[in-house]
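There are 2 protein chains.
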Amino acid sequence: MLGAEILVRSLVAGGIDTCLGNPGTSEMHFVAALDRAPGLRSVLTLFEGVATGAADGYARVAGKPACTLMHLGPGLANGLCNLHNAKRARMPVVNIVGEHAAKHRQYDAPLHSDVEAVARTFSDWVRTTQSAATIAEDCAAAIAAACTPPGRIATLILPADTAWTDGGEGRAVPVPAILPAPVPATRVTDAAKALRGERGALMIGGDGLSVRGIEAATAIAAVTGCRVFAPMSNARMARGWGVHPVPRVPFAVDDAVKFLSGLDAVVLAGAVPPVAFFAYPDKPGLLAPPGCAMHELARVDEDVLAALEALANLVEAKPVAWQSAKRAKAPSRGPLTAQSLASIVAAQLPEDAIVIDEALSLGFTLYPAMAGAAPHDWLQMAGGATGEGLPLAVGAALAAPRRKVVCLQADGSGLYTCQALWTMAREGLDVTVVVLSNRAYATLYGELAKVGATEAGPGALGMIRLDRPDIGWPDLAKGFGVPGVRAVGCAAFARALGTALAKKGPALVEAVIA
Amino acid sequence: MLGAEILVRSLVAGGIDTCLGNPGTSEMHFVAALDRAPGLRSVLTLFEGVATGAADGYARVAGKPACTLMHLGPGLANGLCNLHNAKRARMPVVNIVGEHAAKHRQYDAPLHSDVEAVARTFSDWVRTTQSAATIAEDCAAAIAAACTPPGRIATLILPADTAWTDGGEGRAVPVPAILPAPVPATRVTDAAKALRGERGALMIGGDGLSVRGIEAATAIAAVTGCRVFAPMSNARMARGWGVHPVPRVPFAVDDAVKFLSGLDAVVLAGAVPPVAFFAYPDKPGLLAPPGCAMHELARVDEDVLAALEALANLVEAKPVAWQSAKRAKAPSRGPLTAQSLASIVAAQLPEDAIVIDEALSLGFTLYPAMAGAAPHDWLQMAGGATGEGLPLAVGAALAAPRRKVVCLQADGSGLYTCQALWTMAREGLDVTVVVLSNRAYATLYGELAKVGATEAGPGALGMIRLDRPDIGWPDLAKGFGVPGVRAVGCAAFARALGTALAKKGPALVEAVIA
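Which chain is which? The protein sequence lines are D and V, in order.
With the numbering used here applied, the first sequence corresponds to residues 201 to 714, in that order.
With the numbering used here applied, the second sequence corresponds to residues 201 to 714, in that order.
And the structure:
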């Protein structure tokens, strides 16, 4: 059996059912093997960053990795940015990257590069297959590496000659199940001691932000009097009515410092100590008050949920029922602001939807308002590298074809990977894209002022504004095969959103923010 | 003076007048300085790959580097693919990459990565500025590195704190002029000996493909009887009537082997020995016949033009006049094929145009036909990493605002960096984009067969075809602010191209290939 076919079979045997990618010549044997070894759904993307971002989104919803397929060093380079985001989201991803045949590398052909060096920049695990005979073993090792808790980026480099030569029988090598490590009991008792009164806080991340995790944390807070909050960015959070709303550490340093002020102990469960996103002159990097102790209940690679439930047991916490206030009545007229948009989305969101938040400057307004929506999962771009919203939506929709995906996408960052719209159209993905159109990298207005550069001239503003010309999002959507409309004002937006949500399949609404 | 302002002033003092980029928070001081230190035209791109590809195109036409501005490791990652192409084109590029302030790197903030490791993958020179006081020196070193013949990728990493602190007077440090090394006379005499009869060939690249270089090579061939040809991919070639047409080594290995068969000596002038683009089972990597000697007349970093002219003198070559055949009459009706499209473009091309060739599978048909067009420069994506055509057009148009740029762009590769259209609209660039629309990664059909994977099933074809849905290029163009039309058939294409060429400013014609 050819190495390429062994690889496809090994991926399937290892539980991988979805392959996202942009192949090239060196991957043609892998592509040809897709039809000989069934079980791997292949999804073409028009740009590698869509494939890697979608693999991240897939893992968040499916709870297991997808694989990507990329072409040599430059193709992998195009996928790195969203591998960074996936890595920060702590998601498992298995990358298959084609490479020149071994004998060809000496010639420094035009597409030659140091593929391993490119891979290492944003991978936790890298291996180059040495022969067709080891592919099954290499593939199992890659999947195992990706699935090492909490989730890692594994890159397997596949020289073309290992794909096109015979590798024998190609029996799949079993992938060991790697469970998150249990948390020692002493850490649970230490956490219980730390969480006494409102000067203590429980910061939950990872699986701690599931319904069960939030319930346990809320119960602990009710007994101990501590606060509960989450990191600024999270791979996945349970939200909507019936789920206690969990506040997040704010983005702006001053707001974050204020948010954390008064604390003398923070217990971390699947989260790391809060730090500033960027450095600024004369602002702190660590956000918690000086002297505030950090207690590690569960590291990000440990069993966060079990640790939280053990802590709840220890403090004899009881479940606390939560029924959110009635849904805010969505405004039916007036200008469309982040606030009114959030109310309209919250009112219309179908049950069990997956919401993607790459709303950036508008996101912190949307977040609290959406607590009153129907139960949903809230997925954020976790690594801060813009351009993952639309790809995340692709991956989430592939993983959960029966759930509606709503992508709240800032306009500037959406343009990085707008090609994702075509994959939505091609695969018939049930995604409603809401483009928050403010015709600017609006975050940067604030940032320009924060770094002390207050008097922005035309040169600076030209690098921040997205006007001249305005982007025609409905036209872009149409070009990629997705129906799209532009909505100005609350009434038009509510109507357009309703139409988009009512039908199955991709649709785009450009919401012009007043 | 703040470090950021010193940097902008140093870039301008070093001869850099154009900055292409996507800034983020860590680059805000640099952005603010654009208005305090005049002389640097800042051009916003919607994606970093547009910025780096445009910097490549700018250098090819301006003969000097532009600078790029990118945001941390992930932003730089997005620009790597076209840095690979620029590196293979041997063009000078100066990258300015923002980085977290030094004290912030310990916190592993969400956007933290090893920026130097990312930079090293496709840069020839990398330095991280250590303090505002050394920025002028670092900038001069970066420009000098970029301008080291034949042209290099230099990446200067700028931690935010070095940008926002005072660096003193900030006097610009002079950038030494680095000229290509002269070629020793013995190499000229050796080359003259090798080039006797039709079993000898002169392979010219770099400046050897200028009008002067081609004239010298043609004159040498007339005296010695040798053949003259060029590498498969070239940064820039003089073409059109009045310029001897120079054939290129074909892409397909079998064709290339045939093309080179019978040679026993190849003299290299600004070129490297021809190798196969990819490896295939049972095909050679080196394309010249076994035993064919390679004589290096001028290395790519040496003075290729002077070496060719010295050789012409030595063999007492005389200029050979060349008048191309009358322009082929362009077909006025019938289906649009690569051949008829090429005739129509050749007939309509204005004098002194810059033609970008990222036509891939169709490019080898277009190339010979365009020999009969008005004199023009022919720029190819040189590194084989698709998605540089539109960015190259942006850079070429910025460098030569009075020349018409015609971008012959394959559809599949054009989608990688379609965001370049917006920068064309915003900057009013005089670019006519011709999208060669065959709704497939057509190169890969051939590649699938060549690797022996002849029976492509639906899974494989789904990764190669660009249909379901077809891309609506005029819609994409409109969304980015560029007028666009779709043309089916020769008559419609000739009309649409005429309209696009007649006006100043960007326009797109989707040429549907029959």
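Ideal Cβ placement from N, Cα and C applies to all residues, glycine included.
A Cβ-Cβ distance of about 7 angstroms is found for the pair D/Gly534 and D/Gly689, placing them in contact under the 8 angstroms criterion.
Here V/Arg448 has Ala430 and Met432 as same chain residues with Cβ atoms under 6 angstroms from its own Cβ, once five neighbours each way along the sequence are excluded. Within the region 587 to 614 of chain V, no residue has its Cβ closer than 7 angstroms to any Cβ of chain D. When DSSP states are grouped into helix, strand and coil, D/His312 belongs to the coil group. D/Ser242 sits in a strand when the DSSP states are folded into three classes.
For D/Trp325, DSSP records a beta bridge to D/Ala354. Judged by DSSP secondary structure, D/Trp622 falls within the alpha helix (DSSP H) whose first and last residues are Ala620 to Glu627.
Against chain V, the CB of D/Pro310 has a partner CB under 9 angstroms away; the residue lies at that interface. Judged by DSSP secondary structure, V/Arg695 falls within the alpha helix (DSSP H) whose first and last residues are Cys690 to Ala702. Rounded to the nearest angstrom, the gap between the Cα atoms of V/His576 and V/Val411 is 10 angstroms. The alpha-carbon of V/Phe451 is positioned some 41 angstroms away from that of D/Leu708.
In terms of Cβ geometry, V/Ala259 and V/Met291 form a close pair [threshold 9 angstroms]. For D/Asn278, the CB contacts under 7 angstroms within the same chain, skipping 5 residues up- and downstream, are Phe247, Glu248 and Gly249 in chain order. Against V/Pro658, the close residues of chain D are Asp235, in the order they occur along the chain (beta-carbon pairs closer than 8 angstroms). For D/Leu487, the three-state secondary structure derived from DSSP is coil. Straight through space, the alpha carbons of V/Glu205 and D/Gly705 are spaced by roughly 50 angstroms.
Residue environment: V/Asp455 is assigned as exposed (fewer than 16 neighbouring CB atoms within 10 Å of its CB, all protein chains considered). In this structure, D/Asp407 and D/Gly470 form a Cβ contact; the two beta carbons are roughly 6 angstroms apart against a cut-off of 8 angstroms.
Relative to D/Arg602, the option among D/Ala553, D/Gln548 and D/Leu211 whose CA is nearest is D/Ala553. Residues of chain V with a Cβ closer than 9 angstroms to the Cβ of D/Arg327 do not exist; the shortest Cβ-Cβ separation is about 18 angstroms. Annotated three-state conformation of V/Val631 is strand, per DSSP. No residue range can be given for D/Phe680, since it is assigned to no beta strand (DSSP E) and is classified by DSSP as neither H nor E. Contact note: D/Pro706 does not reach chain V at a C-beta cutoff of 8 angstroms; the least C-beta distance is about 11 angstroms.
Of all residues in the region 613 to 645 of chain D, the ones placed with a Cβ closer than 9 angstroms to any Cβ belonging to chain V are Leu615, Tyr616, Thr617, Cys618, Gln619, Trp622, Ala625, Arg626, Tyr641, Thr643 and Leu644, in chain order. Per DSSP, D/Phe429 is one residue of the beta strand (DSSP E) stretching across Arg427 to Phe429. The C-beta of D/Gln330 comes no closer than 9 angstroms to any C-beta of chain V.
Interface annotation, D/Leu280: in contact with chain V, CB-CB separation under 9 angstroms. Rounded to whole angstroms, the separation of the alpha carbons of D/Ala354 and D/Pro380 is 18 angstroms. Our two residues, V/Phe478 and V/Thr418, have alpha carbons roughly 30 angstroms apart in a direct line. Secondary structure at V/His271: strand, using DSSP grouped into helix, strand and coil. Assigned with DSSP and collapsed to three states, V/Val443 falls in coil, not helix or strand.
Checking the DSSP bridge columns, you'll see V/Asp366 partnered with V/Leu202. Three or more beta-carbon pairs separated by less than 8 angstroms are not found between the region 666 to 677 of chain V and the region 492 to 511 of chain V, which leaves the two stretches without contact. Close CB contacts of D/Val231 within its chain, under the 6 angstroms cut and outside five residues either way in sequence, are with Pro223 (chain order). The DSSP-derived three-state label of D/Val475 is strand.
Exposure of D/Val520 is indicated by the presence of fewer than 16 other C-beta atoms within 10 angstroms of its C-beta.
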